[in-house]
Amino acid sequence: MKELTLGIIKPDGVRRNLIGNIFSRVEKAELKIAAARMLKLDRAKAEGFYAVHKARPFFGSLVESMMAGNIVVFVLSGDNAITRWRELMGATDPSKAEKGTIRADLAENIERNTVHGSDALDTAKREVAYFFKEDEIF
Ligand code: ADP
Ligand code: MG
Numbered sequence: 535m536k537e538l539t540l541g542i543i544k545p546d547g548v549r550r551n552l553i554g555n556i557f558s559r560v561e562k563a564e565l566k567i568a569a570a571r572m573l574k575l576d577r578a579k580a581e582g583f584y585a586v587h588k589a590r591p592f593f594g595s596l597v598e599s600m601m602a603g604n605i606v607v608f609v610l611s612g613d614n615a616i617t618r619w620r621e622l623m624g625a626t627d628p629s630k631a632e633k634g635t636i637r638a639d640l641a642e643n644i645e646r647n648t649v650h651g652s653d654a655l656d657t658a659k660r661e662v663a664y665f666f667k668e669d670e671i672f
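FYI, my numbering numbers position 84 of the sequence shown as 618, with every residue one higher than the one before it.
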């Protein structure tokens with residue numbers, strides 16, 4: 535099934551010049567970049583994005599790390615794009631992620647883990663709409 539999913543290159547990834555490396559992996563995997571933009575999150579936008587994690591002990595620190603610098607938000611489209619992007623990313627904790635995944639190869643630690651990806655159809659819909667209008671997605 536053709537899907538859209540939201541990806542983010544987090545501040546640690548942008549700061550370490552990894553945009554091209556990450557987009558190159560996306561292209562090699564034959565996912566289509568249907569929208570992309572660089573921006574910096576303010577507190578309200580970062581807290582709103584991660585609202586599901588509000589009760590977690592790491593929430594405050596996660597929000598700070600997402601506000602620490604520029605990010606690149608993007609939409610991927612393709613068959614099973616949600617799962618395929620999660621597979622490219624690897625597990626949340628880079629020390630547990632499979633070799634060859636973005637997080638295993640590039641991430642700093644479990645919090646500054648370089649990339650985000652939507653985890654299901656409903657969250658992908660919400661997250662894509664959180665950053666992009668329909669006429670910005672190609
Ligand atoms: P994922 O990004 O793989 O979907 P989660 O949705 O569980 O992971 O968590 C969202 C983000 O919160 C993670 O990408 C990571 O930046 C941060 N995070 C998750 N678990 C922890 C943790 N135990 N300690 C610190 N930060 C965490
Ligand atoms: Mg998640």
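Yeah, the Cβ is synthetic: ideal placement off N, Cα and C, and Gly gets one too.
Just so you know, these numbers come straight off a predicted model, no measurement behind them.
Could you work out which residue in the options is closest to residue i when comparing CA atoms only?
i           : options               : result
residue 613 : 625, 655, 606 and 623 : 655
residue 629 : 620, 621, 562 and 639 : 639
residue 537 : 568, 594 and 602      : 568
residue 546 : 589, 558 and 598      : 598
residue 604 : 662, 664, 535 and 552 : 552
residue 661 : 618, 564 and 584      : 584
residue 600 : 591, 544, 539 and 589 : 544
residue 615 : 554, 659 and 666      : 659
Under the criterion of a Cβ to heavy atom distance below 7 angstroms, does residue i qualify as lining the ligand MG?
i           : result
residue 627 : no
residue 653 : yes
Just to confirm, does residue i get its C-beta within under 7 angstroms of one of the non-hydrogen atoms of the ligand ADP?
i           : result
residue 576 : no
residue 583 : no
residue 530 : No answer is possible for residue 530: the residues shown for the chain start at 535 and end at 672.
residue 647 : yes
residue 608 : no
residue 592 : yes
residue 540 : no
residue 596 : yes
Pull up the DSSP beta-bridge partners for residue i, would you.
i           : result
residue 657 : Residue 657 pairs with nothing; no bridge assigned.
residue 536 : 613
residue 649 : 543
Can you find a C-beta in chain B that's less than 8 angstroms from the C-beta of residue i?
i           : result
residue 575 : Going by chain labels, chain B is absent from the structure shown, which holds only one protein chain.
In chain order, each beta strand (DSSP E) run of at least 3 residues that lies wholly inside the segment 547–622: The qualifying runs are 566–573 and 605–613.
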